[in-house]
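Presented below is the structure to which this report refers.
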Amino acid sequence: MAEPFLIGEAMTGGYGAADILQGCTIAVEKGQIAVIVGPNGAGKSTAMKAVFGMLKLRKGQVRLNGADITALSPQARVAKGMAFVPQTQNIFTSMTVEENLEMGAFLRRDDIRATLEQVYDLFPILRDKRRQAAGELSGGQRQQVAVGRALMTQPRVLMLDEPTAGVSPIVMDELFDRIIDIARTGISILMVEQNARQALAIADMGYVLVQGTNRFTDTGAALMADPEVRRSFLGG
Amino acid sequence: MDVLNALVVFANFVFVPGLAYGAQLALGALGVTLVYGILRFSNFAHGDTMAFGTMAAILVTWGLQSMGISFGPLPTALIALPFAIAATAALVLATDRGIYRFYRKVRAAPVILVIVSMGVMFVMNALTRFIIGVDEINFADGGRFIIAAREFKELTGLAEGLAIRTTQLITVVTAAVAVALLFWFLGNTRTGKSMRAYSDNEDLALLSGINPERVVAVTWIIVAALATTAGVLYGLDKSFKAFTYFQLLLPIFAAAIVGGLGSPLGAIAGGFLIAFSEVTVTYAWKRVLGYLLPEGLEPEGLVQLMSTDYKFAVSFAILVIVLLFRPTGLFRGKSV
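Going down the list, the protein sequences come from chains Z and U.
Going by the working numbering, the letters in the first sequence line up with residues 9 to 244, in that order.
Going by the working numbering, the letters in the second sequence line up with residues 472 to 807, in that order.
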């Protein structure tokens, strides 16, 4: 099998002395959606942060398009075409929607208007609210701003940490649809999700983490069909 | 009852001085609020940064005067201002390099930075006194009045006069220009927006590729410009004395906190609120009331709520009330 576009291989590391990640591997192919699920405290968000360089690895490697990026800072990874949407505090609340998007494109020196239009086409509500302070928007709209900000760098990989946390089921479905749209444009998507069932339904690949290790790894559909995964992690 | 004369007395002793003082406080509070919003600590050295900037302006003014350069009816200090700003910017940038940057790197708690800034305050204060001394210095030259009290009386035929000093008008105009420039910069330029983004959400700003050291450096330069301008305007309006700027720290902090720390708009509103409160509470209202109240009811006392010696108590009282009932300030800044 060819090398995946982005892979965090056999990652081991944690915040203090104890390792939260114990040799887990996460990968995503070009234009595909990979989802990390698992119980609370399994190290899902930590694995995501490790891939983005916000956590120092003791062992393992992160490779983007075949190149070793393990030693790069998060900022340097942004320049390499990775974008990250944190779970909380992922927008500039006091700035307008459009300014949020402009800040997303801060590293770019070229004309950003085309990208801005693409984001507005993807999330039409943001076009209507572009002069409004992002902090005044609803939870779902804020998530759209957050994802839009990350898209402004024209990334090749979009990483989302629980994008549907705290939004209503209808908004969640809508967000998942948009995420599929983004993947169709060729952007790889790696996301951590609490709503495992819905997330696996749109996933090309699913990773079930337990205590910092890979418990199950398969296509989203196969995981959904696996009786053991269903019983242990999807509530029957 | 004589409303017109009452109004003139009010304008002469309360409104015009309050407006000028408010503009000076607003400029000072803007500097404090910018440091708080971006560097995340209360900068106690701000008063002495103003003193240093004013001192630099005075030295350049003397130099210009000795060369025979003047600004016509306007004070020579206005020509000196850009040079003084450059000197002050160099000083605060050097201070940041040598002192604050270390504490940023070790991610020191804000309270430690406050103590550090107090140390910087003592050093800057000593530096200023060492260079220019502790005496009172008047460096305002040019025309003294836009309109003098006697001219006003002759012009209007009223019993009361209204004097507007050149320095008062210059203060208000300069402050308005400085504030307009600052808001344009923060709202419309790439660097200004990145400063707001950094103040709003530091982590996300880093994720967006905003360079924090650049943001900090630009902030210090703007703070130096605001502090020097505020200091020079205050010195022109009153006089220069190294210690008075240290005492200005309280009303300036009160203004920034009342408006909401981190909020530029709040700093301006806070500056005028504190200034007008100070002036109205310490002003003897006897003459205004004498014109307004019907005959026989004129007050016999001065109708002065508080002696001017206690004017700092006004800032303190407002500060306490705001912190008790609305800790984030009028414009919802960060809570202290």
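Virtual Cβ for every residue (Gly too), placed ideally from N, Cα, C.
Interface partners of residue i on chain Z, CB under 7 Å
i	result
A668 of chain U	F100, M103, M111
K782 of chain U	In chain order: nothing, as chain Z lies at least about 34 Å away.
N672 of chain U	Q97, F100
S513 of chain U	Going along chain Z, no residue has its Cβ under 7 Å from S513 of chain U, so there is no contact; the nearest lies around 20 Å.
Rounded straight-line distance, which links the Cα of residue j to that of residue i
i	j	result
A784 of chain U	L130 of chain Z	57 Å
F554 of chain U	S541 of chain U	15 Å
L768 of chain U	G737 of chain U	40 Å
G524 of chain U	Y754 of chain U	31 Å
L198 of chain Z	L168 of chain Z	6 Å
W655 of chain U	G730 of chain U	20 Å
W533 of chain U	P798 of chain U	45 Å
R621 of chain U	L794 of chain U	45 Å
A207 of chain Z	V43 of chain Z	7 Å
L562 of chain U	S588 of chain U	14 Å
F747 of chain U	A727 of chain U	15 Å
L231 of chain Z	V216 of chain Z	9 Å
P124 of chain Z	L134 of chain Z	Strictly speaking, residue 124 of chain Z in this sequence is Leu, with Pro absent from that position. Straight-line Cα distance between these residues: approximately 10 Å.
N108 of chain Z	S670 of chain U	13 Å
P63 of chain Z	P82 of chain Z	The amino acid at residue 63 of chain Z is misidentified as Pro; the sequence shows Leu. Their backbone Cα atoms lie some 9 Å apart in a straight line.
V503 of chain U	H517 of chain U	7 Å
S786 of chain U	L744 of chain U	10 Å
A58 of chain Z	G706 of chain U	56 Å
L505 of chain U	Y762 of chain U	44 Å
E144 of chain Z	Q151 of chain Z	12 Å
Coarse secondary structure for residue i, derived from DSSP in three states
i	result
F623 of chain U	helix
A725 of chain U	helix
E110 of chain Z	helix
A738 of chain U	helix
D226 of chain Z	strand
G508 of chain U	helix
I15 of chain Z	strand
T751 of chain U	helix
I188 of chain Z	helix
K712 of chain U	coil
D76 of chain Z	strand
T638 of chain U	helix
R568 of chain U	helix
A788 of chain U	helix
V487 of chain U	helix
V807 of chain U	With a pLDDT of 46 at V807 of chain U, under the threshold of 50, the predicted position of this residue should be treated as unreliable, and no value is reported.
I681 of chain U	coil
F100 of chain Z	coil
Q536 of chain U	helix
M777 of chain U	coil
V605 of chain U	coil
R71 of chain Z	strand
L584 of chain U	helix
L115 of chain Z	coil
A35 of chain Z	strand
V577 of chain U	coil
I412 of chain U	For chain U, the structure presents residues 472 to 807; residue 412 of chain U sits outside this window and is missing.
V93 of chain Z	strand
A141 of chain Z	strand
P798 of chain U	coil
N659 of chain U	helix
E434 of chain U	This structure does not reach residue 434 of chain U, given that chain U is present from 472 up to 807, and the question cannot be answered.
For residue i, the residue or residues it bridges with in DSSP
i	result
S196 of chain Z	Z:V165
G21 of chain Z	Z:L29
G214 of chain Z	Z:V43, Z:D226
T221 of chain Z	Z:V218
L545 of chain U	U:F542
Neighbouring residues, chain Z, relative to residue i (Cβ below 8 Å)
i	result
I681 of chain U	M111, F114
Chain-ordered neighbours of residue i on chain U, where CB pairs are closer than 8 Å
i	result
V86 of chain Z	L678, S679, G680
Q83 of chain Z	L677, L678, G680
Partner residues on chain U for residue i, Cβ-Cβ distance less than 7 Å
i	result
E107 of chain Z	K664
F92 of chain Z	L678
Residue i beta carbon near the ligand HEM (any heavy atom closer than 6 Å)
i	result
A565 of chain U	By its list of ligands, the structure shown contains no ligand whatsoever, and the ligand HEM lies outside what it can speak to.
Three or more C-beta pairs below 8 Å linking the segment 608-623 of chain U and the segment 635-644 of chain U: yes
Is there contact here, the segment 144-161 of chain Z with the segment 106-125 of chain Z, by at least three beta-carbon pairs under 8 Å? yes
Is it true that the segment 719-731 of chain U meets the segment 660-668 of chain U, where meeting means three or more beta-carbon pairs spaced less than 8 Å apart? no
Within 8 Å, do at least three Cβ pairs link the segment 579-596 of chain U to the segment 509-516 of chain U? yes
Is it a yes or a no for the segment 22-40 of chain Z touching the segment 84-95 of chain Z, going by three-plus beta-carbon pairs under 8 Å? no
Between the segment 163-183 of chain Z and the segment 91-111 of chain Z, do at least 3 Cβ pairs fall closer than 8 Å? yes
Per the contact definition of three or more C-beta pairs closer than 8 Å, is the segment 556-572 of chain U in contact with the segment 482-498 of chain U? no
Pair every Cβ in the segment 767-781 of chain U with every Cβ in the segment 491-499 of chain U, then say whether three or more of these pairs are closer than 8 Å. no
Does the count of Cβ pairs from the segment 697-709 of chain U and the segment 180-193 of chain Z closer than 8 Å reach three? no
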